[in-house]
Amino acid sequence: MSAELPRAAELTMQQAIPPWHFAMMNDQERNHAYRQAIETAVRPGDLVLDIGTGAGVTALLAARAGGQVFTCESNLHTAFLADRVISANGYGDRITLIPRSSTELVVGRDLPGKPDVVTAEIFDCGLIGESALHALEHAHRELISSTTRLVPSGGRLWAQLVESESLHGLNHVDVVEGFDLRPFNVASTRGYFPRRIDCHPHTVLAPAFRLFDFTFGEPPVPRTRQLTVPVTRDGIAHAAVMWFELDLGNGITVSNHGAGSCHWEQAVQTFPAPVTTKAGAAVRITARHDLCALTLDVERTRL
Ligand SMILES: C[S@@+](CC[C@H](N)C(=O)[O-])C[C@H]1O[C@@H](n2cnc3c(N)ncnc32)[C@H](O)[C@@H]1O
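Counting from 196, one number per residue, gives the positions in the sequence shown under our numbering.
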């Protein structure tokens, strides 16, 4: 067992490591999906690059499947604890932990060669907000070959328009106690943020639509899409709720759609100027993403 840490070091860990790690590590659906996928993808003797060690779950799964694993972690405090977890489980000789971002890795210096398999669980509620595409873009340029198997291999992002003053009020303000607070709206975020949609009263205004497909076997690039979405209810479009499906291979998927015990919340983007919708009419959605962020704009249009 590792030596106990001084109290000051424990406090530093508690401040430096985001608490969502615990819910994530205990998300059995996620863990089982990654276990199945990694056990299918990794063959004994494979060189595996695991991007984003966390506490070491995916690296340990890859090592147990027979891989020689190199895993990297950008948060130095997380890396310190992961090192202890890996040793405590007896995998110190099968896993090399590199306490750096994947975007700083160099083949030949940090890895003995291009990996047979890359595993990565660096996805937030809206799939791209933890800089997954940035890491993949770099991996395509510097780390992987055309034969490297990727877990996951891709994914999809879905969206749905909702009326919800409750969600809108998380990111915008109007008149409060007779005071006009709207100048403060300059500070509202234009991107999405995590929320459990079931905890907020909302009305669905249109069927869910597929926003972007991601194929991780190709280098990611910024994209813009315009979609015409038929509306099925009169209302006010305050926000878009988004969720992903990740393809882990062999039909194994994970998703943060809907309720349940999944640790990922849904991704919510509120509209600075909500749009009135009419059943039978349509709205135009302009969706843009670069390698780190995604935004949606909405306007009324004809069908
Ligand atoms: C969502 S957690 C997953 C941890 C572990 N792989 C698991 O599945 O339990 C992602 C971890 O990757 C780290 N991370 C994110 N992007 C990274 C990158 N490009 N290079 C290295 N670490 C990264 C984060 O600091 C975080 O600890």
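C-beta atoms are modelled at their ideal positions from N, C-alpha and C, and glycine is treated no differently. On a predicted model such as this, the values are computed, not experimentally measured, just so you know.
Residue i Cβ short of 7 Å to ligand 1 heavy atom set
{"i": "residue 267", "result": "yes"}
{"i": "residue 247", "result": "yes"}
{"i": "residue 330", "result": "yes"}
{"i": "residue 220", "result": "yes"}
{"i": "residue 237", "result": "no"}
{"i": "residue 284", "result": "no"}
{"i": "residue 317", "result": "yes"}
{"i": "residue 325", "result": "yes"}
{"i": "residue 280", "result": "no"}
{"i": "residue 296", "result": "yes"}
{"i": "residue 250", "result": "yes"}
{"i": "residue 273", "result": "yes"}
{"i": "residue 448", "result": "no"}
{"i": "residue 291", "result": "no"}
{"i": "residue 387", "result": "no"}
{"i": "residue 253", "result": "yes"}
{"i": "residue 270", "result": "yes"}
Beta-carbon proximity list for residue i, same chain, < 7 Å, skipping 5 on both sides
{"i": "residue 325", "result": "317, 318, 319"}
{"i": "residue 289", "result": "258, 263, 264"}
{"i": "residue 432", "result": "356, 358, 400, 466, 469, 470, 472, 478, 493"}
{"i": "residue 348", "result": "411, 412, 442, 444"}
{"i": "residue 379", "result": "368"}
{"i": "residue 230", "result": "256"}
{"i": "residue 350", "result": "322, 409, 439, 440, 441, 442"}
{"i": "residue 395", "result": "359, 361, 362"}
Reference residue i; option with closest CA among the options
{"i": "residue 364", "options": "468, 247, 477, 472", "result": "468"}
{"i": "residue 309", "options": "289, 220, 335, 315", "result": "335"}
{"i": "residue 345", "options": "204, 303, 233", "result": "233"}
{"i": "residue 416", "options": "483, 403, 460", "result": "483"}
{"i": "residue 279", "options": "302, 200, 224", "result": "200"}
{"i": "residue 313", "options": "340, 303, 387, 485", "result": "340"}
{"i": "residue 388", "options": "362, 204, 379, 276", "result": "362"}
{"i": "residue 393", "options": "380, 461, 368, 377", "result": "461"}
{"i": "residue 476", "options": "360, 496, 414", "result": "496"}
{"i": "residue 321", "options": "382, 368, 409", "result": "409"}
{"i": "residue 391", "options": "368, 277, 452, 372", "result": "452"}
{"i": "residue 207", "options": "261, 230, 276", "result": "276"}
{"i": "residue 291", "options": "266, 274, 375, 304", "result": "266"}
Whole-angstrom C-beta distance between residue j and residue i, which should lie under 8 Å
{"i": "residue 253", "j": "residue 445", "result": "No, residue 253 and residue 445 are not in contact; Cβ-Cβ is about 17 Å, not under 8 Å."}
{"i": "residue 430", "j": "residue 490", "result": "The Cβ separation is near 22 Å, so there is no contact."}
{"i": "residue 478", "j": "residue 493", "result": "5 Å"}
{"i": "residue 366", "j": "residue 384", "result": "6 Å"}
{"i": "residue 487", "j": "residue 323", "result": "7 Å"}
{"i": "residue 295", "j": "residue 261", "result": "That belief does not hold up - the Cβ atoms of residue 295 and residue 261 are roughly 25 Å apart, past 8 Å."}
Contacting residues, own chain, Cβ-Cβ under 6 Å from residue i (five flanking each side not counted)
{"i": "residue 311", "result": "241, 242"}
{"i": "residue 481", "result": "421, 492"}
{"i": "residue 449", "result": "225, 228, 441"}
{"i": "residue 428", "result": "400, 474"}
{"i": "residue 419", "result": "483"}
{"i": "residue 447", "result": "228, 231, 232"}
{"i": "residue 485", "result": "417"}
{"i": "residue 382", "result": "none"}
{"i": "residue 327", "result": "317, 318"}
Contacting residues, own chain, Cβ-Cβ under 8 Å from residue i (five flanking each side not counted)
{"i": "residue 338", "result": "244, 297, 300, 302, 306, 309, 310, 313"}
{"i": "residue 506", "result": "It is not possible to answer for residue 506, since the shown part of the chain is limited to 196 through 498."}
Taking 8 Å as the threshold, find out whether the segment 428 to 439 comes into contact with the segment 399 to 412 through three or more Cβ pairs. The answer is yes - the segment 399 to 412 touches the segment 428 to 439, with three or more Cβ pairs under 8 Å.
Do the segment 282 to 292 and the segment 323 to 335 make contact, defined as three or more Cβ pairs closer than 8 Å? Taking 8 Å as the limit for Cβ pairs, the verdict is that the segment 323 to 335 does not touch the segment 282 to 292.
Please determine if the segment 270 to 277 and the segment 207 to 214 are in contact, where contact requires at least 3 C-beta pairs separated by less than 8 Å. Proximity of the segment 270 to 277 to the segment 207 to 214 meets the contact definition, three or more beta-carbon pairs being nearer than 8 Å.
Specify whether the segment 238 to 252 and the segment 215 to 224 touch according to this definition: at least 3 beta carbon pairs, one from each stretch, less than 8 Å apart. Touching, per the Cβ criterion.
Is the segment 410 to 425 touching the segment 445 to 460, taking contact as three or more C-beta pairs under 8 Å? By the C-beta criterion, the segment 410 to 425 is judged not to be in contact with the segment 445 to 460, since fewer than 3 inter-stretch pairs fall below 8 Å.
Say whether the segment 404 to 411 touches the segment 349 to 364, bearing in mind that this needs 3 or more beta-carbon pairs closer than 8 Å, one atom from each stretch. Taking a cut-off of 8 Å on C-beta distances, the segment 404 to 411 touches the segment 349 to 364, as three or more cross pairs fall below it.
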